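S.K.: Heads up, the sequence shown is in full-length UniProt numbering, so the first residue is 1 and it goes up one at a time. Virtual Cβ for every residue (Gly too), placed ideally from N, Cα, C. Here the structure is a predicted model, which means the values were calculated and not measured. Before I ask anything, here is the structure I am working with.
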Amino acid sequence: GEVCTMINKKYSEFLPSMQSAEDLVAQVEGLASSIDLLKAGIENEVQRDLNVAVAEFTELKQQLERDTLVLSVLKKLQEFDTAIKECSSALLERQYVTAAQQLEKARSSLRSLESRRGFELKILKALGTELTVQTQNIIYHLGEEWQRLIVWKLPPSKGSSSLEAVVLSELHLHTVPPQDEDAAVPPVAAVLQALAVLGELHSKLKDFGQLLLQYILKPLISHPSLEPVPEEQPDVFILRFRSQELALDESSPMEVFDKIKLVFEVLHKYLLNVPLEQPGEGRKEGRVTLAELLGELIWEELSDCLIHDCLVNSIPTNSSKLEQYKEVIESTEEFEKALKGMQFLKKDTTALLKYACNVDSHFANKKCQDVIMAARNLMTSEIHNTVKITPDSSVALPELPAPGSGEPLQVHRACSLLPSGTVNLGSEGRLSPLTLCLPTCRISSSVQQLVELAYHTLLEATASTDLCCVQLFDCVRNIFQLFYEVVPTYHRENLQKLPQLAAIHHNNCMYISHHLLTLGHQFRYRGTSVLSNGAATFVDLVPAFRRLGMECFLAQMRVQKEEILERLSSARNFSNMDDEENYCAANKAIKQVLHQLRRLGMVWQDVLPVNVYCKAMGALLNTALAEIVTRIAALEDISAQDADRLYSLCRIMVEEGPQVFTPLLEEDKNKKYQEEVPVYVHKWMTFKELMIILQANLHEIVDQWADGKGPLAEEFSAAEVKSLIRALFQNTERRAAALAKIK
1 GEVCTMINKK YSEFLPSMQS AEDLVAQVEG LASSIDLLKA GIENEVQRDL
51 NVAVAEFTEL KQQLERDTLV LSVLKKLQEF DTAIKECSSA LLERQYVTAA
101 QQLEKARSSL RSLESRRGFE LKILKALGTE LTVQTQNIIY HLGEEWQRLI
151 VWKLPPSKGS SSLEAVVLSE LHLHTVPPQD EDAAVPPVAA VLQALAVLGE
201 LHSKLKDFGQ LLLQYILKPL ISHPSLEPVP EEQPDVFILR FRSQELALDE
251 SSPMEVFDKI KLVFEVLHKY LLNVPLEQPG EGRKEGRVTL AELLGELIWE
301 ELSDCLIHDC LVNSIPTNSS KLEQYKEVIE STEEFEKALK GMQFLKKDTT
351 ALLKYACNVD SHFANKKCQD VIMAARNLMT SEIHNTVKIT PDSSVALPEL
401 PAPGSGEPLQ VHRACSLLPS GTVNLGSEGR LSPLTLCLPT CRISSSVQQL
451 VELAYHTLLE ATASTDLCCV QLFDCVRNIF QLFYEVVPTY HRENLQKLPQ
501 LAAIHHNNCM YISHHLLTLG HQFRYRGTSV LSNGAATFVD LVPAFRRLGM
551 ECFLAQMRVQ KEEILERLSS ARNFSNMDDE ENYCAANKAI KQVLHQLRRL
601 GMVWQDVLPV NVYCKAMGAL LNTALAEIVT RIAALEDISA QDADRLYSLC
651 RIMVEEGPQV FTPLLEEDKN KKYQEEVPVY VHKWMTFKEL MIILQANLHE
701 IVDQWADGKG PLAEEFSAAE VKSLIRALFQ NTERRAAALA KIK
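Pasting the structure below:
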């Protein structure tokens, strides 16, 4: 029974919960079916409506875009049309600025039409054509106006800027403001502004600038006699030119600047002082005057011309005039200032002034060029035009004042290297006045001028600014280095062929090296110049110049020696003189050698310094004598007749040899040098001893030898004397005895 009760209880609890679960299931099923219905409804109807709406919206949007585009195109077309109409009517009334501005408006409308993608209107081509026609039309009208404003009256020979052509040229400017403000005539500014708006002003100004340069500005620079003549009439301004007869060859920069300034002033007054609106140039406020535009176009060419044809020529060639050049610098500054005032030049333009202020460097360059040119001409001139130098003569050199005395310089002929009399060395004693003097000789006059040129250039240097001074000092060194390279090459053939020129060249080199020793030193005490620190010296060039002179002269000596030996080689070794033919050959050879020496003695006479002359002639005579001695000493057999004939040949040499020594023009003064021949001819005594042997008997020869202590032993070795004895004497007991004593 209890069990039944429990089961019922559990069952009764279970039933309601099951019931509620079943209800829930039923509810969910209902909900699911209504969701299905709704889903089907959305899929079928709402989705369809939505698609339609979106399609409609897109279509509307596209239509709106199309309409907007069409509207803007129509608007642009209308703008274009209005602008073109406005332009035409403005043009009729000669209101050029308005016309030009309207035309530019039309142009920008057309541009924006053309820039639209996928929108090619056939009408655009036609509009473009209309714009071009209208542009050409207005440009033509403006061109006419321009030509009416600016009239060039040029001579028929166009393109010529000769003086005659320029004098006939005129420039007429019809830009004078009319008295009665006639509205029918457009003001200059309007024409220019319209040209600027159309972008045509540049080419018009360029042409104007070129004519201005060719017919007015450049001729004023290059023809000093030309003068501008401005003339104002009620309705026109005229610029003419006249040529003054009595004009200088070169006008000063001041005059040129004044003339050009005058031209710019009148141009500024009647034409260039027009402010313009520059479209889209990105300039400050976009305003610019015509003067500025013209300046940009022609200033570079004009300033070049002013520098090369005017300022360059005005650079002084000696430092004393440099002081006066300040005037030029000032007027250059004034000139630039004036042009800047007229706005023709930008504020920072200083090409001219820079050039003028750099006058020191230009002066030095010009001076150096002139000096080097002069030096080159001197070096390539004839060597044989000579001047005589004596110990007491010197180049015409400026006498240098005592250190720090600041005296003015006087140029006079005196040996500036040594005052007359002696050179005082304080207590250590005195030098002879000839210590630093050159011996008397002849040098090329061109070389004397060259050294003068060097002195005067250095003098110029000491009076110049440091920069200039250094440049001029280098220039003087260059002169000498140039000489060293140019002269031996340029005159090579003559120096080899002509003994006189070789001698003069030798003297020239010695003369130059003599001056180089003291050249820098003399300028040490001149003021504060850069040369005073002692670094300015030429001493380093001295050895090279001495070598140059020596080598040239020694080469000539070698040539002469070879000729002497060549002539003596035809003397058949002086053997078998008893043969008439041999004797004649030897005699002829000796005569030729003497003739050669006599000729040399003449060409070197009065040219070489006496000591050099005597050494040179002595060396050559010595060559001849030494060769004769060698040949005779080598003979193996000398007959009595041979000995006599050899003796007579030798006597010719001894008698006539000294007579070739004629260093001086005055005959009587040469005696002294002819008597001193043994001093200069090393083999003289040897030759005399040989002559004694040729005439002596065995006893006399042994006496001359005197046990190796006699005069014969001084000149010949024992072997040579023995050889001569064997050649001269028959083989006898007396000969054997004599030979025994020679040892």
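Straight-line CA distance for A196 to Q134?
M.R.: 17 angstroms
S.K.: Identify the continuous beta strand (DSSP E) that holds W684 and give its terminal residues.
M.R.: Looking at the DSSP string, W684 is not in any beta strand (DSSP E); the run it does join, the alpha helix (DSSP H), is 684-695.
S.K.: Would you be able to state if there are at least three C-beta pairs under 8 angstroms between the region 79-98 and the region 138-150?
M.R.: yes
S.K.: Considering only C-alpha positions, which residue in the set Q471, I652, I504, N494 is nearest to S445?
M.R.: I504
S.K.: Given that a residue counts as buried once 16 or more other Cβ atoms are within 10 Å of its Cβ, and exposed if not, what is Y583?
M.R.: buried
S.K.: Is the beta carbon of Y689 less than 9 angstroms from the beta carbon of F661?
M.R.: Checking the sequence, you will find Glu at residue 689 rather than Tyr. Not a contact, by the Cβ cut-off of 9 angstroms.
S.K.: Mapping the DSSP letters down to three states, classify W604 as helix, strand or coil.
M.R.: coil
S.K.: Rounded C-beta distance between V229 and F241? I'm assuming under 8 angstroms.
M.R.: Confirmed, Cβ separation roughly 6 angstroms.
S.K.: Could you check how far apart the C-beta atoms of L192 and L290 are, in whole angstroms? I think they sit under 8 angstroms.
M.R.: 6 angstroms
S.K.: Could you name the residues that DSSP lists as bridge partners for W152?
M.R.: L171
S.K.: M653 and I628 look like a contact to me (Cβ under 8 angstroms); what is the Cβ gap, rounded to whole Å?
M.R.: 7 angstroms
S.K.: Is the beta carbon of F473 closer than 9 angstroms to that of L458?
M.R.: yes
S.K.: Look at the Cβ atom of T386, then the Cβ atom of T440, and state whether they are nearer than 9 angstroms.
M.R.: No; because the gap between Cβ atoms is not below 9 angstroms, this pair is not in contact.
S.K.: Y215 and V166 - do their beta-carbons sit closer together than 9 angstroms?
M.R.: yes
S.K.: By Cβ distance, which residues of its chain are closer than 7 angstroms to P658, with the 5 residues on each side in sequence left out?
M.R.: Taken in chain order, the residues that qualify are Q674, V677.
S.K.: Considering Cα atoms alone, identify which of P187, V476, N8 is closest to K367.
M.R.: V476
S.K.: Answer yes or no: do V681 and L625 have a C-beta to C-beta separation smaller than 9 angstroms?
M.R.: yes
S.K.: Please list the terminal residues of the continuous beta strand (DSSP E) segment that includes S243.
M.R.: 237-243
S.K.: Taking K259 as the reference, which of E231, F335, P316, L211 has the closest Cα?
M.R.: Nearest C-alpha to K259: F335.
S.K.: Less than 9 angstroms separating the beta-carbons of A356 and I329?
M.R.: Contact: yes.
S.K.: Considering only the alpha carbon of each residue, which of L554, C650, I307, K346 lies closest to V612?
M.R.: Ranking the options by Cα distance to V612, first place goes to L554.
S.K.: Less than 8 angstroms between the CB atoms is what I'm expecting for N478 and I372, so what's the real figure, rounded?
M.R.: 7 angstroms
S.K.: Mapping DSSP to helix, strand and coil, what is I443?
M.R.: strand
S.K.: With burial defined as no fewer than 16 other Cβ atoms inside 10 Å of the residue's Cβ, what is the status of T380: buried or exposed?
M.R.: By the neighbour-count criterion, in which a residue is buried when 16 or more other Cβ atoms sit within 10 angstroms of its Cβ, T380 is exposed.
S.K.: In the DSSP output, which residue or residues are listed as bridge partners for L276?
M.R.: Residue pairing of L276 in beta bridges, as defined by DSSP: V288.
S.K.: Below 8 angstroms, is the gap between the Cβ of T82 and the nearest heavy atom of the ligand MG?
M.R.: Because no ligand of any kind appears in the structure shown, any question about the ligand MG cannot be addressed here.
S.K.: I need the straight-line Cα distance from A99 to G199, nearest angstrom please.
M.R.: For A99 and G199, the distance between alpha carbons rounds to 14 angstroms.
S.K.: On the DSSP bridge list, what partners appear for T5?
M.R.: In the DSSP assignment, no residue is bridged to T5.
S.K.: Give the single residue among L91, I692, T465 whose Cα lies nearest to the Cα of S648.
M.R.: I692
S.K.: Please return the same chain residues whose Cβ sits closer than 7 angstroms to the Cβ of T489, not counting the five positions on each side in sequence.
M.R.: none
S.K.: Going residue by residue through the UniProt domain "ZW10 C-terminal helical" (588-742), where are the continuous alpha helix (DSSP H) segments of at least 4 residues, counting only ones entirely within it?
M.R.: 610-633, 640-656, 667-675, 677-680, 684-695, 698-705, 711-715, 718-728, 733-741
S.K.: Terminal residues of the continuous alpha helix (DSSP H) containing E563?
M.R.: First-last of the alpha helix (DSSP H) with E563: 542-568.
S.K.: I need the DSSP call for A184, collapsed to helix, strand or coil.
M.R.: Because A184 carries a pLDDT of 47, less than 50, the predicted location of this residue cannot be relied on, and the following value inherits that uncertainty. Here A184 sits in coil by DSSP.
S.K.: Going along the chain, which residues of its own chain have a beta-carbon closer than 8 angstroms to the beta-carbon of S34, five neighbours each way excluded?
M.R.: Nothing listed; no residue qualifies.
S.K.: What residues in its chain sit with their C-beta under 7 angstroms from that of L154, if we drop five residues either side in the sequence?
M.R.: S169, Y215
S.K.: Determine the burial state of T623: buried for a count of at least 16 other Cβ atoms within 10 Å of its Cβ, exposed for fewer.
M.R.: With 16 or more Cβ atoms within 10 Å of its Cβ, T623 is classed as buried.
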